[in-house]
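So the structure is just underneath, and the comments pick up after that.
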Amino acid sequence: MPDHDECILIVEDSEFNAQVLAKTVSQLAPVIVAASGNEALDLMRTRVFDVVLLDITLPDIDGFEVCRKIVEAQGPDAPSIIFVTSKDNVEDEEKGLSLGAVDYLYKPVVGSIVQAKVKNYLSHSRARRDLIDKNAELNELAT
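Residue numbers (our numbering): 6 to 148.
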């Protein structure tokens, strides 16, 4: 995986909610906001994201489909996907996790919880990149 700056993608059609989330996590890493699922998928084709904060209800395709497409396209290199939703039901949470999301946050969000979770997943992303880099170095030495 090439070196890259950490980045967080927020996929949220409510400008207010997107601003709240961006303000909450912007000190952890740069933030890019997409207002629709298709915009998010387009962005995913052009840059690497470490964490995706993803609303379920979007104007074009729902967050579940966005999650499925990201995981399908990127496999084990997919970013940590955290659903951020006002839908508080077990079936949706199970569905999202089965599609490859790593966590759920419920609106209204608690800033300190959002920060803690995103910080942890950024740390996981760094550790994964470091392992991939070290493995590549070992493979190079072995050949």
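Where a beta carbon is used, it is the ideal one built from N, C-alpha and C, also for glycine.
- No residue range can be given for Asp60, since it is assigned to no alpha helix (DSSP H) and is classified by DSSP as neither H nor E.
- Phe88 and Ile37 have their C-alpha atoms some 16 Å from each other.
- With 16 or more other Cβ atoms from the protein chains shown falling within 10 Å of its own Cβ, Val57 counts as buried.
- Secondary structure of Ser117 (DSSP, three-state): helix.
- Taking Thr62 as reference, the option from Ile75, Ser85, Lys92 with the minimal CA-CA separation is Lys92.
- Cβ-Cβ separation between Leu59 and Ile86: approximately 6 Å, consistent with a contact (criterion under 8 Å).
- Of the candidates Asp82, Glu77, Ala34, the residue whose Cα lies closest to the Cα of Arg134 is Asp82.
- Within the region 37-103, the complete beta strand (DSSP E) segments at least 3 residues long are 56-59, 85-90, listed from N- to C-terminus.
- Membership of Val25 in the alpha helix (DSSP H) is indicated by the continuous run 20-30.
- The beta carbon of Gly105 sits closer than 7 Å to the beta carbons of Cys72, Val76, Ala83, Ile86 from its chain, once the five residues preceding and following it are set aside; these are given in chain order.
- Within the DSSP bridge table, the entry for Asp108 names Ile87 as partners.
- Looking at the DSSP output, Val16 bridges to Ala39, Leu59.
- In the displayed model, Leu33 falls within coil according to three-state DSSP, outside both helix and strand.
- Asn140 and Phe21 have their C-alpha atoms roughly 42 Å apart.
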